[in-house]
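Enquirer: Going down the list, the protein sequences come from chains A and B.
Heads up, the first sequence is in numbering that gives the first Met the number 0, so the first residue is 0 and it goes up one at a time.
Heads up, the second sequence is in numbering that gives the first Met the number 0, so the first residue is 0 and it goes up one at a time.
Glycine included, every Cβ here is placed at the ideal spot set by N, Cα and C.
There are 2 protein chains.
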Amino acid sequence: MRDVARIAGVSLVTVSRVVNGAPGVLPETAARVEHAIQQLGYQRNDMARNLRRKGQPSQTIGLLVDDLANPFFAMLARAVEDAARVHGCVVLIGSSNDSLTREREVVSTFCARRVDGLIVVPVAGSHRFLADQQAMGVKVVIVDRPGDSVAADTVLVDNRRGAHEAVRHLIDQGHQRIGYLGDRDDIWTIRERFAGYLGACAEAALLPDPALVIHGLRSRAAAADAAVAMMSHPDPPTAIFASNDLVTMGTIDGLRGPGSRHGSAALVGFDEFVLADKLNPSVTVVAQDPSAMGTIAAQMLFDRIAGDTSPPRQIVLPTRLIIRGSGEIAPADGPVISTARNGKGLTDA
Amino acid sequence: MRDVARIAGVSLVTVSRVVNGAPGVLPETAARVEHAIQQLGYQRNDMARNLRRKGQPSQTIGLLVDDLANPFFAMLARAVEDAARVHGCVVLIGSSNDSLTREREVVSTFCARRVDGLIVVPVAGSHRFLADQQAMGVKVVIVDRPGDSVAADTVLVDNRRGAHEAVRHLIDQGHQRIGYLGDRDDIWTIRERFAGYLGACAEAALLPDPALVIHGLRSRAAAADAAVAMMSHPDPPTAIFASNDLVTMGTIDGLRGPGSRHGSAALVGFDEFVLADKLNPSVTVVAQDPSAMGTIAAQMLFDRIAGDTSPPRQIVLPTRLIIRGSGEIAPADGPVISTARNGKGLTDA
DNA sequence: AGCGTCCTTGTTATCGTTTTCATGTGCGTC
DNA sequence: GACGCACATGAAAACGATAACAAGGACGCT
Numbered sequence: 000m001r002d003v004a005r006i007a008g009v010s011l012v013t014v015s016r017v018v019n020g021a022p023g024v025l026p027e028t029a030a031r032v033e034h035a036i037q038q039l040g041y042q043r044n045d046m047a048r049n050l051r052r053k054g055q056p057s058q059t060i061g062l063l064v065d066d067l068a069n070p071f072f073a074m075l076a077r078a079v080e081d082a083a084r085v086h087g088c089v090v091l092i093g094s095s096n097d098s099l100t101r102e103r104e105v106v107s108t109f110c111a112r113r114v115d116g117l118i119v120v121p122v123a124g125s126h127r128f129l130a131d132q133q134a135m136g137v138k139v140v141i142v143d144r145p146g147d148s149v150a151a152d153t154v155l156v157d158n159r160r161g162a163h164e165a166v167r168h169l170i171d172q173g174h175q176r177i178g179y180l181g182d183r184d185d186i187w188t189i190r191e192r193f194a195g196y197l198g199a200c201a202e203a204a205l206l207p208d209p210a211l212v213i214h215g216l217r218s219r220a221a222a223a224d225a226a227v228a229m230m231s232h233p234d235p236p237t238a239i240f241a242s243n244d245l246v247t248m249g250t251i252d253g254l255r256g257p258g259s260r261h262g263s264a265a266l267v268g269f270d271e272f273v274l275a276d277k278l279n280p281s282v283t284v285v286a287q288d289p290s291a292m293g294t295i296a297a298q299m300l301f302d303r304i305a306g307d308t309s310p311p312r313q314i315v316l317p318t319r320l321i322i323r324g325s326g327e328i329a330p331a332d333g334p335v336i337s338t339a340r341n342g343k344g345l346t347d348a
Numbered sequence: 000m001r002d003v004a005r006i007a008g009v010s011l012v013t014v015s016r017v018v019n020g021a022p023g024v025l026p027e028t029a030a031r032v033e034h035a036i037q038q039l040g041y042q043r044n045d046m047a048r049n050l051r052r053k054g055q056p057s058q059t060i061g062l063l064v065d066d067l068a069n070p071f072f073a074m075l076a077r078a079v080e081d082a083a084r085v086h087g088c089v090v091l092i093g094s095s096n097d098s099l100t101r102e103r104e105v106v107s108t109f110c111a112r113r114v115d116g117l118i119v120v121p122v123a124g125s126h127r128f129l130a131d132q133q134a135m136g137v138k139v140v141i142v143d144r145p146g147d148s149v150a151a152d153t154v155l156v157d158n159r160r161g162a163h164e165a166v167r168h169l170i171d172q173g174h175q176r177i178g179y180l181g182d183r184d185d186i187w188t189i190r191e192r193f194a195g196y197l198g199a200c201a202e203a204a205l206l207p208d209p210a211l212v213i214h215g216l217r218s219r220a221a222a223a224d225a226a227v228a229m230m231s232h233p234d235p236p237t238a239i240f241a242s243n244d245l246v247t248m249g250t251i252d253g254l255r256g257p258g259s260r261h262g263s264a265a266l267v268g269f270d271e272f273v274l275a276d277k278l279n280p281s282v283t284v285v286a287q288d289p290s291a292m293g294t295i296a297a298q299m300l301f302d303r304i305a306g307d308t309s310p311p312r313q314i315v316l317p318t319r320l321i322i323r324g325s326g327e328i329a330p331a332d333g334p335v336i337s338t339a340r341n342g343k344g345l346t347d348a
């Protein structure tokens, strides 16, 4: 910058003004400065800039998801990124990998970089440290799961109702023995879905057989094994509700695998996934709209950064039951997941 | 920091030393400082820190992919993030969305933040601006597609050979009329795959019928339409090679859709995708390992940041043909895509 | 002519940290 | 007892930019 000033024969302030498009610089002077900038390939140092302009936003936000490689969070991240771009903001990204320690570390690193705000998918456990950061002026929006010990805007999905609808759909089809295959139930979303399953059963005066309820499936393979085990029960279920996409796919593996009775149980899964409609039989799912979640969360965050100090809000998005069922021809229009990117999903809210 | 110093009754330097774990501070003094830090909730400002420590790396890298919502890039991003964490680095992320302008903007924004390095999936077009940033000291690694007008470490996949193998597999199965359904052929990977298709045909003395070659399919729906159109040809292909996952899935839609001859053509697609093994018939694919690409790219980048000044290298990873074919029982172990996260894929190289 | 005003430009202080060098203190040694 | 040395600590400058204020000139008005 000093070099630019020297070459253009002006002072630092004038260069600053030109770089920031501030008014009150003679066009001729500006041109000289521009020329010097070109010549030297000068680029403003935003670190120094943000340091000096304390109080002004730093145009950086942090996004902390569970696992970026998971398509659900990838879509959410993309939506956040697009919103950030509109606000001239860059995005720092991190995966917590279901570890509270790692989450705390990442949050701390981001805050040391003086982000304006954070969008966090919280893992289980206390988030006092988030509240601390809030006190220091960092705006926080929580997504996907409620945060423990922290008052912040939150965007959730009505997991319970979605699961309830799904299971009721099975019941309406005449199923009486409905198995549950679930991920770790210390994850809030999973717990809610299980509650929805129980609720729908209770509503129909069905008492779930404890032998048909399996928790803690952390991988597709584990789910496949569990599905096989469940179908080997002397009195196997006629239908299965799977708590998320991984478990659903594992269940498909199990029901389809060698030595299994092919398709001997109806299947409804939480989470839409690619090609669910092309399986035979195609799979009924409870679809969420991760893209909408990201867009809404980003919107709330930028409102806060812009100075909104109203009490924290909680937004609960509905799910969508996509009924496919055995042998049924898939609907002509694709699943919600494929159109979510354009933000249409917002109308669901 | 000033407050911490005052409360602890020491100078700024001493606080700095404690915060950075520098030696030469009396344990008792350090404890007093630590206490003051706790009390005030002080956190180092890394902006100011990076500003002062010019020359030292800023512990920030930028990752620019085509589309973060695409599972391929999401996995790549996750691998990069994991590697970055090991090096104590945070990751700025952006999607170029196939736009050179947007790519240039994002790169510029990242560099204004003084990132140590960039991992870029380049869109088509000249990347002179990347070379400019290199000249300013930013390390660059190119991934997935070669960069135009820029000398940098590059991680590619042998798209041509992969496609060649895939098409030869079809030929070995006895197919003579093999259609090509492809994405925009101004994308390098797509062009390479098409070249592989042509090469395999030529090798077998097959002359592809121009009516069976369709380019420019940008969406699943477009691919579905194209597949239907191709199958409606008076002399339809007995097999189809699809240039990427989106086109493959669209082709499945088309072959399966109402009014189509179900499964009337064999199908091999580039890119592995979830559940490809569970379709009926299951789909043979050419699998890449995005996670390995990310890991290797990050490794190269951090080597450069650490001071490696050897000439730019180019690494070409092989693909893996996963033969599934009609009616065949899927192998017990999952597709490469599901195990890639742990870096095992690296052994493929 | 004198004065106020607008407009362009420059001077200086500052952001929060680290670096460099200087200072003071205690201790062992000849 | 003086010297050198190691050690803990502090003072001041610097990183690259912006904010606040000041200065000089042109202009119009009385």
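Less than 9 Å between the C-beta atoms of Y196 (chain B) and V166 (chain B), yes or no?
Expert: Yes.
Enquirer: 9 Å is my cut-off, CB to CB: does K138 (chain B) come that close to chain A?
Expert: No, because no Cβ of chain A sits closer than 9 Å to the Cβ of K138 (chain B).
Enquirer: What does A68 (chain A) reach in chain B if we use C-beta pairs closer than 7 Å?
Expert: A73, M74, R77, R340, listed in chain order.
Enquirer: Excluding the 5 residues preceding and the 5 following R176 (chain B) in the sequence, name in chain order all residues of the same chain whose CB lies nearer than 6 Å to its CB.
Expert: P236, T237, listed in sequence order.
Enquirer: Is the separation between the beta-carbon of V156 (chain B) and that of F128 (chain B) shorter than 9 Å?
Expert: No; because the gap between Cβ atoms is not below 9 Å, this pair is not in contact.
Enquirer: Below 9 Å between beta carbons: does that hold for D270 (chain B) and R323 (chain B)?
Expert: No.
Enquirer: List the endpoints of the continuous beta strand (DSSP E) containing D152 (chain B).
Expert: 152-156 is the extent of the beta strand (DSSP E) around D152 (chain B).
Enquirer: Please check if any C-beta of chain B sits within less than 9 Å of the C-beta of R16 (chain A).
Expert: Output row for R16 (chain A): interface = no.
Enquirer: When you compare the CB positions of I36 (chain B) and V64 (chain B), do they come within less than 9 Å of one another, or not?
Expert: Taking 9 Å as the Cβ cut-off, I36 (chain B) and V64 (chain B) do not qualify as a contacting pair.
Enquirer: If I follow the unbroken alpha helix (DSSP H) through F193 (chain A), where does it start and stop?
Expert: Unbroken alpha helix (DSSP H) run through F193 (chain A): 187-202.
Enquirer: May I ask you to report which of helix, strand or coil DSSP gives L50 (chain B)?
Expert: Correct three-state label for L50 (chain B): helix.
Enquirer: Does the pairing of the region 78-87 of chain B with the region 294-309 of chain B give three or more beta-carbon distances under 8 Å?
Expert: The region 78-87 of chain B vs the region 294-309 of chain B: in contact.
Enquirer: Per DSSP, which one or two residues make a beta bridge with V140 (chain A)?
Expert: Per DSSP, A:I118, A:D152.
Enquirer: What would DSSP say about Q313 (chain B), mapped onto helix, strand or coil?
Expert: Here Q313 (chain B) sits in strand by DSSP.
Enquirer: Is the shortest distance between the beta-carbon of N49 (chain B) and the beta-carbons of chain A less than 9 Å?
Expert: So yes, N49 (chain B) belongs to the interface.
Enquirer: If you measure between the beta carbons of I6 (chain B) and Q38 (chain B), is that distance less than 9 Å?
Expert: Yes, they are a contact pair.
Enquirer: Could you give the distance in angstroms between the alpha-carbon of I170 (chain A) and the alpha-carbon of G268 (chain A)?
Expert: C-alpha separation (whole angstroms): 14 Å.
Enquirer: What separation, rounded to the nearest whole angstrom, lies between the Cα atoms of I239 (chain B) and T318 (chain B)?
Expert: Distance between the alpha carbons of I239 (chain B) and T318 (chain B): 19 Å.
Enquirer: Is L206 (chain B) helix, strand or coil when you go by DSSP?
Expert: Note: L206 (chain B) maps to coil in three-state DSSP.
Enquirer: Exposed or buried, P207 (chain B), counting other C-beta atoms within 10 Å across all chains shown (16 or more means buried)?
Expert: The residue is buried, with at least 16 neighbouring Cβ atoms inside 10 Å.
Enquirer: Could you tell me whether the region 288-299 of chain B touches the region 139-148 of chain B, where touching means 3 or more Cβ pairs closer than 8 Å?
Expert: Taking 8 Å as the limit for Cβ pairs, the verdict is that the region 139-148 of chain B does touch the region 288-299 of chain B.
Enquirer: Using a Cβ-Cβ cut-off of 9 Å, state whether Q42 (chain A) counts as contacting chain B.
Expert: With 9 Å as the cut-off, Q42 (chain A) counts as an interface residue toward chain B.
Enquirer: Counting Cβ pairs closer than 8 Å, one from the region 277-290 of chain B and one from the region 95-112 of chain B, do we hit at least three?
Expert: Touching, no, given that fewer than three Cβ pairs across the two stretches are closer than 8 Å.
Enquirer: Short check: CB of A220 (chain B) to CB of T247 (chain B), under 9 Å?
Expert: Against a cut-off of 9 Å, the Cβ pair of T247 (chain B) and A220 (chain B) comes out as no contact.
Enquirer: Give, in chain order, every residue of the region 106-135 of chain A whose Cβ lies closer than 8 Å to some Cβ of chain B.
Expert: Of all residues in the region 106-135 of chain A, S107, T108, F109, C110, A111, R112, R113, D131, A134, M135 have a Cβ within less than 8 Å of some Cβ in chain B.
Enquirer: List, in order along the chain, the chain B residues whose C-beta lies closer than 7 Å to that of N279 (chain A)?
Expert: Neighbours of N279 (chain A) on chain B, chain order: N279.
Enquirer: Within this structure, are the beta carbons of D147 (chain A) and H126 (chain A) separated by less than 9 Å?
Expert: Yes, they are a contact pair.
Enquirer: Let me see if you follow: with CB-CB separation under 9 Å, is S325 (chain A) close to chain B or not?
Expert: Reliability of the predicted coordinates at S325 (chain A) is poor, the pLDDT of 47 falling under 50, and the value obtained from them is presented with this limitation in mind. No - not a single Cβ of chain B is within 9 Å of the one on S325 (chain A).
Enquirer: Just confirm the distance between the C-beta atoms of Q132 (chain B) and C110 (chain A), as a whole number of angstroms; I'd bet it's less than 8 Å.
Expert: Not quite, the Cβ-Cβ distance comes to about 28 Å (not below 8 Å), so this is no contact.
Enquirer: Residues of chain B with a CB under 7 Å from the CB of T255 (chain A): which are they?
Expert: Before going on, a small fix: residue 255 (chain A) reads as Arg here, not Thr. K277, listed in chain order.
Enquirer: Note the first and the last residue of the continuous beta strand (DSSP E) segment covering I239 (chain B).
Expert: 238-241 is the span of the beta strand (DSSP E), which, as asked, contains I239 (chain B).
Enquirer: Straight-line CA distance for V18 (chain A) to H214 (chain B)?
Expert: Their backbone Cα atoms lie some 44 Å apart in a straight line.
Enquirer: By the DSSP assignment, the beta strand (DSSP E) with I92 (chain A) in it spans what residues?
Expert: Here the beta strand (DSSP E) through I92 (chain A) covers 89-94.
Enquirer: Measure how close the beta-carbons of H168 (chain B) and L320 (chain B) come, nearest whole angstrom, since I'm counting them as under 8 Å.
Expert: Confirmed, Cβ separation roughly 6 Å.
Enquirer: Give every residue of the same chain whose Cβ lies closer than 8 Å to the Cβ of D184 (chain B), excluding the five residues on either side of it in the sequence, and list them in chain order.
Expert: Closer than 8 Å at the Cβ level, and outside the excluded window around D184 (chain B), lie R190, F193, H214, G215.
Enquirer: Run through DSSP, which three-state label would D276 (chain A) get?
Expert: It is helical.
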